[in-house]
């Protein structure tokens, strides 16, 4: 691999290094080439070249933002962004949304096949029986401020679970706890999967109720996964309380659509973290933190805030012009992967119709549809392939009565399944787990000698000087006071 060769072969890539004249043959497997093969392509350093370039140690592959770098072989999710295709384990998302359920699809993603009735019953029973949380979780939740963002709470709650289950921690039980592939290893892995999926809705409901100033609700028996979730959020003591079946079904469909999406930012974060063989609760917490960002899971919240800022449908044309002038940010259109319409968006539209029949149409729907029509007929957006994406499901969440800052939580809960599917796959992959350690291209200063502080020339500039905070209140008074050890500015 990567050895000099005079001629290419089938299923290989021939590379000529014009610096040395050498020709290299690199194998192509599954339409991919190994990045490590380029380490064999070495050349003498040019006169005066920076030693940090490490030219004599082989080529590095620069790929800012992982635009075209495959870091793992996976059997889980296939996406064709050009054709607008999304498949879980080979099954089109459109078929699963109509015929399957969230928990059945979760089984499919994790174990690789649709379950028999017996297999599904075992899985569903274990997930639902593991929805209870330790009493100490209540203490954690009540420690947060009343106005804390629910995603911050959920991220911390997932991390806290790692401190409750010593048998789930490879640091305590041995680093091959999940990687041996024997019956005991897989059983330990499955138990954590049951716990995380089961407790995801419970923790999310607790994050919701702490914001509402309500007591927590014990997960009920006999309800579906999403029915239990709605019950835990909304039950206030009513006798024989049963959530709306329409909302329950809609949430189940949306959970199914959001269950996995290949190596997006949060899934990559989970695998990056898990590659150190940390416990799965810490890895899921890291993924939750990644999902929190407005370029990822926070996008559907951003869509609604954008629509609120637009207001009336009559204001859409002016807003679109501001977007084209880069004066405003357009949310809900375009996707890192999909260059045509997101296949999930059509299912979201159908689900929205069902929800609106019982809740009434969201007042922002007309604004959203006008924005869709204007953007889809404008050459600016057509040329850039900015089609509507799934983040418009925020309209459904809003119609169902969820607060804006809870939208990312409704994304995180189902995505736990996808994260766990990829985590399980990586733990059991042939050859074991290697810690993810990407390279960098160092462009900073070359070697320089230390200068004593009194001999230095200050380096000025906005990005080179720490910002001075404008203090007020007690902090300001303390800065004006005198005391032993006070720093001199």
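Residue numbers (the UniProt record's numbering): 1 to 489. Even for Gly, the Cβ is constructed at its ideal location relative to N, Cα and C.
Excluding five sequence positions before and after residue 267, the CB atoms of its chain that fall closer than 7 Å to its own CB belong to 287, 418, 419 and 422, given in chain order.
Rounded to whole angstroms, the separation of the alpha carbons of residue 43 and residue 19 is 7 Å. Residue 269 sits in a helix when the DSSP states are folded into three classes. Boundaries of the beta strand (DSSP E) around residue 15: 12-16. Taking a C-beta distance under 7 Å as the contact criterion, residue 202 and residue 131 qualify as a contact pair. Residue nearest to residue 428 within the set 168, 30 and 111 is 111 (criterion: CA-CA distance). Taking C-beta atoms as the reference points, residue 144 and residue 285 fail to come closer than 7 Å. By the criterion of a C-beta distance shorter than 6 Å, residue 106 is surrounded in its chain by 417, once the five residues flanking it on both sides are discounted. Listed as beta-bridge partners of residue 87 by DSSP are 78 and 92.
Listed in chain order, the non-local C-beta contacts of residue 97 below 7 Å within the same chain comprise 253, 256, 257 and 347, local neighbours out to five positions each way being set aside. Here residue 414 is buried, its C-beta having at least 16 other C-beta atoms within 10 Å.
The C-beta distance from residue 114 to residue 126 rounds to 17 Å, too long to meet the 8 Å contact threshold. Fully contained in the stretch 116-155 are the following alpha helix (DSSP H) runs of length 4 or more, in chain order: 117-129 and 136-142. The three-state reading of DSSP puts residue 24 in strand, counting E and B together. Per DSSP, the unbroken alpha helix (DSSP H) holding residue 357 starts and ends at 343-359.
With a beta-carbon spacing of about 6 Å, residue 207 and residue 409 fall inside the 8 Å limit used to define contacts. Under the three-state reduction of DSSP output, residue 289 falls in the helix class. One alpha carbon belongs to residue 247, the other to residue 227, and they sit about 9 Å apart.
Judged by DSSP in its simplified three-state form, residue 302 adopts helix. With a cutoff of 7 Å on beta-carbon distance, residue 393 and residue 300 are scored as near each other. Beyond the five residues adjoining it in sequence on each side, residue 358 comes within less than 6 Å, by CB distance, of 246 in the same chain, given in chain order. Judged by DSSP secondary structure, residue 207 falls within the alpha helix (DSSP H) whose first and last residues are 183-212. In this structure residue 60 touches residue 441 by the C-beta definition: roughly 6 Å separates them, less than 8 Å. DSSP lists 32 as the beta-bridge partner residues of residue 29.
Secondary structure of residue 111 (DSSP, three-state): helix. In the DSSP annotation of this structure, residue 235 is not part of any alpha helix (DSSP H), being labelled neither H nor E.
With respect to residue 149, residue 449 sits apart: the two C-beta atoms are not nearer than 7 Å.
For the set 280, 89, 407 and 381, the Cα lying nearest the Cα of residue 326 is the one of 381.
Within the same chain, Cβ atoms closer than 6 Å to the Cβ of residue 262 are found at 77 and 79, the five residues on either side in sequence being excluded.
The stretch 371-378 makes no contact with the stretch 268-279, as fewer than three CB pairs between them are under 8 Å. With a beta-carbon spacing of about 5 Å, residue 232 and residue 217 fall inside the 8 Å limit used to define contacts. In the three-state DSSP reduction, residue 418 falls in the helix class (H, G or I).
Residue burial is scored here from C-beta neighbours: residue 178 has at least 16 other C-beta atoms within 10 angstroms and is therefore classed as buried. Assignment of residue 451 by DSSP, reduced to helix, strand and coil, places it in the coil class. Taking the Cα positions, residue 25 is about 11 Å away from residue 34. For residue 248, the enclosing alpha helix (DSSP H) has its first and last residue at 245-258.
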